Amino acid sequence: QSALTQPASVSGSPGQSITISCTGTSSDVGTYNLVSWYQHHPGKAPKLMIYEVTKRPSGVSHRFSGSKSGNTASLTISGLQAEDEADYYCCSYAGTTTFVFGGGTKLTVL
Amino acid sequence: EVQLVQSGAEVKKAGESLKISCQGSGYSFPSYWIGWVRQMPGKGPEWMGIIYPGDSDTRYSPSFQGQVTMSVDKSISTAYLQWSSLKASDTAIYYCARRDSGWTLDNWGQGTLVTVTS
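For the protein sequence lines, the chains are A and B, in the order given.
Quick note on numbering: the first sequence equals residues 2 to 111 in my numbering.
Quick note on numbering: the second sequence equals residues 414 to 531 in my numbering.
Written out as structure tokens, the structure reads:
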């Protein structure tokens, strides 16, 4: 069982918005504003989409946004596109040079 | 462009040793911590530990302490993860990732699939 809890799958139609949740504890997500989200196409390197809860790296579409409330972080993808279909993982810093990850969410674009 | 390129897939027998690599380019390799992450089949990623190439300072996750060894050769901008005696339960994809100046793993390698047969 992963340290952070994500839904196993979500789906949406092109143009719609979806939100993926990531629930941790007061020892990780709840304490640190250091949640990141990764897009992963199997066989490729995971790609950083959101860091420090809400920040977008250069080159990442504005359609991707992040937020946090208490022990739960969320990734929202608006204006879904076929290319968004991938696995998404959340990650939180958990203190003493340790990170914890979610189990991953498979996004299907219908 | 920051890149982390990992060594190719490995198939080993239980009890054998193995060393996989992660070569960084496009940035000052000694100046950024490199972390290692395991992803077992059908599971989420797990944090293994992190090493600072500048001085080889290494911090292992308790779950992996004593099970693996992390090292670097900064002269060739390469980090390593090694096992002295593999187990079937070590079968997984192993990723290296660079920690940025804060606490984000900002660039990842493509992963190395390690398959251990019993």
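Glycine included, each C-beta is placed from N, C-alpha and C at the ideal position.
Since we're looking at a predicted model, the values are computed, not measured.
Once you ignore the five residues that flank A:T26 on each side, which residues in its own chain have a CB closer than 7 Å to its CB? The answer, listed in chain order, is N72.
Could you check which residue in A:P58, A:T97, A:S12 and A:G13 has the C-alpha nearest to that of A:Y33? A:T97 is the residue among A:P58, A:T97, A:S12 and A:G13 whose C-alpha sits nearest the C-alpha of A:Y33.
Which stretch, first to last residue, makes up the beta strand (DSSP E) that contains A:V30? No beta strand (DSSP E) holds A:V30; DSSP gives it neither H nor E.
With three or more C-beta pairs closer than 8 Å as the rule, is the region 480–487 of chain B touching the region 73–83 of chain A? Touching, no.
8 Å contact criterion, which B:R451 and B:E459 should meet: CB distance rounded: Between B:R451 and B:E459 a beta carbon distance of about 5 Å is seen, short of the 8 Å cut, so the two are scored as contacting.
On the DSSP letters alone, give me the boundaries of the beta strand (DSSP E) that A:W38 sits inside. Boundaries of the beta strand (DSSP E) around A:W38: V36 to H41.
Exposed or buried, A:A83, counting other C-beta atoms within 10 Å across all chains shown (16 or more means buried)? Answer is exposed; the Cβ neighbour count stays below 16.
Pairwise C-alpha distance: B:G457 and A:A4: Whole-angstrom Cα-Cα distance: 9 Å.
Taking Cβ-Cβ distances shorter than 7 Å, what residues in chain B pair up with A:G103? Chain-ordered, the chain B residues with CB closer than 7 Å to the CB of A:G103 read G457.
Please work out which residues of its chain come closer than 7 Å, Cβ to Cβ, to A:L111, disregarding the five sequence neighbours upstream and downstream, and give them in chain order. Taken in chain order, the residues that qualify are S12, G13 and S14.
Given a limit of 8 Å on CB to CB distance, which residues of the region 36–60 of chain A reach chain B? Residues of the region 36–60 of chain A with a C-beta less than 8 Å from any C-beta of chain B: S37, Y39, G44, K45, A46, P47, K48, L49, Y52, E53 and P58, listed in chain order.
Under 8 Å, CB to CB, which of the residues in the region 468–502 of chain B have a partner in chain A? Under the 8 Å Cβ criterion, the region 468–502 of chain B contributes R472 and S474.
Is there a C-beta anywhere in chain A that falls below 7 Å from the one on B:T517? By this cut-off, B:T517 is an interface position.
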